[in-house]
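Colleague:
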Amino acid sequence: VVAYHYCQADNAYTCLVPEFVHNVAALLCRAPQMQAYRELLLRQPHLQSTLSLRACVQDPFNAFRRGLLEPLEILHRGT
C-alpha cells in the first residue's frame with residue numbers, strides 16, 4: 150500500500166524498477182512508523198549496500214527481496 154501511491158504513471162522515472170525499489174526503501178526509512186526498519190538498516194551495513202542505487206540498478210529483484218522484504222519479515226516476526 151505504501152509503494153502503490155509512489156509510482157506515478159505520468160512520470161516514467163517513478164516507474165523504473167531500480168529507482169522505485171531505492172525510493173521505497175528511503176521512504177520507509179523516513180516514516181516515523183518504520184523506525185525499527187531504519188534502525189535495522191543502520192545496524193546492518195550490508196543492507197545499506199544492497200539498497201544503494203547502484204545495487205538496485207544491477208539487480209533490482211535482489212535489492213527488493215534482501216533490502217525490503219526480508220528485513221520487513223524479520224521485523225514482523227519479532228513483534
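Here the sequence shown is numbered in this note's numbering, starting from 150 and rising by one per residue. Every residue gets a Cβ at the ideal spot worked out from N, C-alpha and C, and that includes glycine. Predicted, not measured: the structure shown is a model, and the values here were computed from it.
1) Could you spell out where the alpha helix (DSSP H) holding G227 opens and where it closes?
2) For C178 and H225, what's the separation of their Cα atoms in angstroms?
3) Do you know how far the Cα of Q193 is from the Cα of D208?
4) With a 10 Å radius around its C-beta and 16 neighbouring C-beta atoms as the bar for buried, classify G216 as buried or exposed.
5) For the candidate residues V173, P220, Q184, P181, whose alpha-carbon lies nearest to that of H195?
Modeller: Let me lay it out:
1) Counted from its first residue, the sequence shown places residue 227 at position 78. Per DSSP, G227 belongs to the alpha helix (DSSP H) from 219 to 227.
2) Residue 178 sits at position 29 when you count from the first residue of the sequence shown. Residue 225 sits at position 76 when you count from the first residue of the sequence shown. In a straight line, the C-alpha of C178 is about 16 Å away from that of H225.
3) Start at 1 with the first residue of the sequence shown, and residue 208 comes out as number 59. Start at 1 with the first residue of the sequence shown, and residue 193 comes out as number 44. If you take the alpha carbons of D208 and Q193, they lie about 19 Å apart.
4) Within the sequence shown, numbered from 1, the residue matching residue 216 stands at position 67. Counting Cβ neighbours within 10 Å, G216 comes out buried, since at least 16 surround it.
5) Indexing the sequence shown from 1 puts residue 195 at position 46. Ranking the options by Cα distance to H195, first place goes to P220.
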